[in-house]
Amino acid sequence: MTVHQEARPTAPTMQVAADEAARNAPRHGAVMTPLAARATAVARVATGLVFLWAFLDKAFGWHYATGSGRGWVDGGSPTRGFLSGVQAGPLQSFFHDIAGRGWADALFMLGLLGIGAALVGGVALRVTAVAGTVLMALMWAAEWPPAQHLSTGAPSGSSNPLVDYHVVYAVAMVLFAATYAGNTWGLGRIWARVPLVRDRRWLL
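Each residue of the sequence shown is one higher than the one before, counting from 248 in the working numbering.
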């Protein structure tokens with residue numbers, strides 16, 4: 248007796264021809280032309296490189312944001328300078344307390360590396376969207392854009408009380424996950440066929 252197993256669906260491509268997209272767009276929004284898919288892929292990779300560069304510079308002290316010889320591998324702390332300098336918002340004392348802690352440094356650096364690698368590779372974008380949003384929310388709270396003045400009384404220099412680059416990055420990561428952006432110029436389709444991922448769609 249032959250047993251036929253039902254094929255499991257893989258991640259949809261979300262791509263249609265440009266003329267078909269133009270015809271169907273008034274009826275529904277679940278269309279993405281090849282050009283749009285490629286543009287989204289470029290945005291995904293570019294965003295991932297932002298996170299990867301931040302990790303590498305903080306890890307090895309490439310003399311950009313992190314001075315030479317002050318990298319994580321040299322014994323420097325990726326969080327001490329930023330978090331100890333928080334001067335606005337209701338979480339100042341919390342950020343001051345965890346600044347330079349080993350576990351805080353490790354979580355921050357692993358977050359940068361994991362988010363950056365996943366975005367560039369186009370894999371685990373749903374998990375990345377959640378982790379990235381949490382990281383961006385914490386960094387937003389540390390900078391606290393709603394404040395007009397710092398605790399010292401000096402102007403905060405905030406350009407927008409709500410939507411800053413942290414919010415933009417978080418929204419972008421959610422967009423990449425929602426549009427299966429890893430399927431174009433990424434490993435999204437291969438990742439979707441991995442048995443562990445195929446059985447747990449939240450890992451897409």
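The beta carbon of each residue, even a glycine, is placed where N, CA and C say it ideally should be.
query	result
Restricting to Cα atoms, I'd like to know which of S406, A388, V374 and G379 is closest to V444.	V374
Distance, Cα to Cα, V320 vs M279?	43 angstroms
DSSP has P402 in a bridge; who is on the other side?	H396
From this set, A365, G400 and W391, which residue's C-alpha is nearest A376's C-alpha?	A365
How many angstroms separate the CA atom of F355 from the CA atom of P325?	8 angstroms
What did DSSP end up calling G368 once you bin it into helix, strand or coil?	helix
So L330 and A346 are supposed to be a Cβ contact under 8 angstroms. How far apart are they, rounded?	4 angstroms
Short of 7 angstroms in beta carbon distance, which residues of its chain neighbour F342, apart from the five on each side in sequence? Order them along the chain.	L330, V333 and A389
Do you know how far the Cα of S315 is from the Cα of T294?	25 angstroms
Could you tell me the boundaries of the alpha helix (DSSP H) in which T287 lies?	P281 to F307
Taking all protein chains shown into account, do 16 or more other C-beta atoms lie within 10 angstroms of the C-beta of D352, making it buried, or fewer, making it exposed?	buried
Could you name the residues of the same chain whose beta carbon sits closer than 8 angstroms to that of W449, not counting the 5 residues immediately before and after it, in chain order?	R373 and V374
Where does the unbroken alpha helix (DSSP H) through R343 begin, and where does it stop?	The sequence given here has His at residue 343, not Arg. Counting along the chain, the alpha helix (DSSP H) containing H343 begins and ends at Q339 to I345.
Could you tell me whether the region 391–403 touches the region 424–441, where touching means 3 or more Cβ pairs closer than 8 angstroms?	no
Can V367 and L299 be called in contact, C-beta distance under 8 angstroms?	yes
Compare the Cα-Cα distances from H359 to each of L338, P337, M383 and Q339 and report the closest residue.	Looking at the sequence provided, one finds Leu at residue 359 rather than His. When each option's Cα is compared against that of L359, the closest is M383.
Pick helix, strand or coil for H452, following the three-state DSSP scheme.	Outside the shown range of the chain (248 to 451) lies residue 452, about which nothing can therefore be said.
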